[in-house]
Amino acid sequence: MSNRDPRRTSSYNLAYFGRGAASAVLVLAVACDPSAGGGGSGAASGTGGGDAVSSVSSGGDGGDSHGGGGGGGAEGGHGGGEGGDGGGDGGDGGEGGDGGGDGGDGGEGGDGGHGGGDGEPTGAPRWSARFGAAGNDVGYGVAADASGNLYVAGWFTGTVDFGAGPLVSAGGEDIFLIKLDPLGNVIWSQRFGTETDERGGAVAVDAAGDVLLTGSYVARDPGFSEPPPATVDLGGGQLPHAPALSFFGNTEPLFVAKFTGDGEHLWSRGYPPVGFAWEPETYDVAVDTAGNVAVLYGSLYDNGQPTPEGNSAIKVLDASGNLLWEAQNDLGDGIEGSVEFDSAGNLVVVAWRHEGYGTGCPCLQAIVVRKHDPSGALLWSEIFEGEDTTVLGGGSARSVAIDASDNILFSGYVAEAIDLGGGPLPPGSTFVAKLTPAGEPLWSRVAPHGDRLALDPGGNIVEISGGAGGHGFRLTKLDPDAAELWSQEFAGALASHLAIDREGRIAVTGQLTGTADLGAGPLVSAGAKDIFIATFDP
Numbered sequence: 001m002s003n004r005d006p007r008r009t010s011s012y013n014l015a016y017f018g019r020g021a022a023s024a025v026l027v028l029a030v031a032c033d034p035s036a037g038g039g040g041s042g043a044a045s046g047t048g049g050g051d052a053v054s055s056v057s058s059g060g061d062g063g064d065s066h067g068g069g070g071g072g073g074a075e076g077g078h079g080g081g082e083g084g085d086g087g088g089d090g091g092d093g094g095e096g097g098d099g100g101g102d103g104g105d106g107g108e109g110g111d112g113g114h115g116g117g118d119g120e121p122t123g124a125p126r127w128s129a130r131f132g133a134a135g136n137d138v139g140y141g142v143a144a145d146a147s148g149n150l151y152v153a154g155w156f157t158g159t160v161d162f163g164a165g166p167l168v169s170a171g172g173e174d175i176f177l178i179k180l181d182p183l184g185n186v187i188w189s190q191r192f193g194t195e196t197d198e199r200g201g202a203v204a205v206d207a208a209g210d211v212l213l214t215g216s217y218v219a220r221d222p223g224f225s226e227p228p229p230a231t232v233d234l235g236g237g238q239l240p241h242a243p244a245l246s247f248f249g250n251t252e253p254l255f256v257a258k259f260t261g262d263g264e265h266l267w268s269r270g271y272p273p274v275g276f277a278w279e280p281e282t283y284d285v286a287v288d289t290a291g292n293v294a295v296l297y298g299s300l301y302d303n304g305q306p307t308p309e310g311n312s313a314i315k316v317l318d319a320s321g322n323l324l325w326e327a328q329n330d331l332g333d334g335i336e337g338s339v340e341f342d343s344a345g346n347l348v349v350v351a352w353r354h355e356g357y358g359t360g361c362p363c364l365q366a367i368v369v370r371k372h373d374p375s376g377a378l379l380w381s382e383i384f385e386g387e388d389t390t391v392l393g394g395g396s397a398r399s400v401a402i403d404a405s406d407n408i409l410f411s412g413y414v415a416e417a418i419d420l421g422g423g424p425l426p427p428g429s430t431f432v433a434k435l436t437p438a439g440e441p442l443w444s445r446v447a448p449h450g451d452r453l454a455l456d457p458g459g460n461i462v463e464i465s466g467g468a469g470g471h472g473f474r475l476t477k478l479d480p481d482a483a484e485l486w487s488q489e490f491a492g493a494l495a496s497h498l499a500i501d502r503e504g505r506i507a508v509t510g511q512l513t514g515t516a517d518l519g520a521g522p523l524v525s526a527g528a529k530d531i532f533i534a535t536f537d538p
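Numbering-wise, the sequence shown is residues 1 to 538 according to my numbering.
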């Protein structure tokens, strides 16, 4: 996103494999009540010779962004929709009576209705779509621009048509990047790949409407083969090879690329992986108001052992793709996490790490929250950990968002009682916690879910997490103090990331297997795993 104040955007992720053949596309939309956008009518006229009848009419529910106008009548109606435009027109004056002389003056038209209030949040489904072929196809990152257009990235095998013409894999897993309008129509789609495997990861959109795409690609140490096989070209030439970190001679570097909103390549960069990277991931990407880009990346597996430099790293680039600063050793044996910029360009990082993982116990998971200034200097660091020396001890942090006051909200899980502010959380709890810009705890709440979060324009918290017996996901909205507003659960689909646009509309992407109904009707996969995109009202 997107995960945060709507002035900022970042993304999160998940990972899988596969191959495929013919593709299929299915888009489902929820029909709207024709009355949803307009207000009710007030009394049209008074009776002859008398005053106009007073009538207050409630406006209908707003549409995407327009509240219902108030009804006419002596008093203006009140629009009842979600944030509305102006009120309705005043009612007509009363007509003269039929008998007994001239009719009295008609009653004055009512005042225009007030714009709709926030209304009750519902999370009602808007539309959902499935894309895929016979193999494994995965939606990984999603972000929204200022106009509500969506950018979705991931990988596919075989042939997939997103609606702008078929994309054909070059041999293994290929990267896809697509742009959709707010109604789910595909504006353009692109693929990038070679005969080896490449994956699209986290995405973000900057203030200029340009798109940042991250991911991984396969390279080979030139010392293992002459000449080495080609690497992926994202539009600016082949990305660089990197020294092999495995005895196979293969390595999977990180890439960061920037495109215009029309999909034109601006620049792309490749960087060596962290550790013995068999399954590298770009955990998160964020963009600040100046266009600087931060990427948190690493490896889920490091041959079962931690490396001295740790398994996670941060790179911060300027708007032209030049490296500003990087950090690696700071996170210890980092496993996963999230990054976000505040309004001053400081970078907040949340992560969780194993201390001593792979070396035998003691083994402790610790939650790490830290802030760097724009030059990369560490401003402060907070570590929250328990005392259990088993692999199940401690806790984890997975996602971060920054509110309009630069307060820090993050989500995760605690395996034992840990105090993140406001007293110890019960063991086995998922949580949302809030810190001041200086890192001082404000509160922590047990929340239904704790995987990925984002903030809507009102500061409400939206989360996705696993559910439905391990093969589904939950979508939950909390108020700014983490009290639940609504929650929905969907079976048959795994969500990887969510984004929220400036109207508060929610988009989720991931993968589905078999049949999944995301609220707009059933989606049926064409193969093992298919890409899904689903959108919801605020």
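All residues carry an ideal CB built from backbone N, CA and C; glycine is no exception.
Which partner residues of Y217 appear in the DSSP bridge assignment?
E198
Identify the continuous beta strand (DSSP E) that holds R130 and give its terminal residues.
P125 to G132
Which residue comes first and which comes last in the beta strand (DSSP E) that contains G141?
Run containing G141: V138 to A144, per the beta strand (DSSP E) assignment.
Could you compute how far the alpha carbon of A290 sits from the alpha carbon of A207?
8 Å
Is it a yes or a no for the segment 141-149 touching the segment 125-132, going by three-plus beta-carbon pairs under 8 Å?
no
When the Cα atoms are used, what is the spatial distance from G270 to G439?
33 Å
Touch test, the segment 428-439 against the segment 401-414, Cβ-Cβ under 8 Å, three pairs minimum:
Contact between the segment 428-439 and the segment 401-414 is present: 3 or more CB-CB pairs across the two stretches fall below 8 Å.
In angstroms with no decimal places, state the Cα-to-Cα distance between V218 and G237.
15 Å
Straight-line CA distance for A482 to V508?
Inter-residue distance for A482 and V508 is about 20 Å (C-alpha atoms, whole angstroms).
Taking Cβ to Cβ, would you say A202 is nearer than 8 Å to D284?
yes
Return the first residue and the last residue of the beta strand (DSSP E) that H497 is part of.
A493 to I500
Quick check on this structure: which residue in P437, F384, A257 and V369 has the alpha carbon closest to the alpha carbon of L317?
A257
List the residues that DSSP assigns as beta-bridge partners of Q238.
D233
Go ahead and label L512 buried or exposed: buried means 16 or more other beta carbons lie within 10 angstroms of its beta carbon, across all protein chains shown.
buried
Helix, strand or coil for P273? Go by DSSP, reduced to three states.
coil
How big is the Cα-Cα spacing for G337 and I408?
14 Å
G519 beta carbon near the ligand FMN (any heavy atom closer than 7 Å)
The ligand FMN is absent from the structure shown, which contains no ligands of any kind.
Assign I383 to buried or exposed, taking buried as 16 or more other Cβ atoms, counted over all protein chains shown, within 10 Å of its Cβ.
By the neighbour-count rule (16 or more Cβ atoms within 10 Å), I383 is not buried but exposed.
For D284, list the residues DSSP reports as bridge partners.
L296
Cα-Cα, which of D145, L324 and G184 is closest to F162?
G184
How would you label G193, buried or exposed, when you count the other beta carbons within 10 angstroms and need 16 or more for buried?
buried
Which whole-angstrom value is the C-beta distance of D210 and R191, which I expect to be below 8 Å?
In fact, because the Cβ distance is near 20 Å, the residues do not count as touching under 8 Å.
Given that a residue counts as buried once 16 or more other Cβ atoms are within 10 Å of its Cβ, and exposed if not, what is D262?
exposed
Quick one, which of H471, R452 and V205 has its alpha-carbon nearest A319's?
V205
Go ahead and pull the three-state DSSP assignment for E326.
strand
Spatial neighbours of P374 in its chain, beta-carbon cut-off 7 Å, leaving aside the 5 residues before and after:
Taken in chain order, the residues that qualify are G345 and N346.
Under DSSP, the beta strand (DSSP E) around R398 begins and ends at which residues?
G395 to I402
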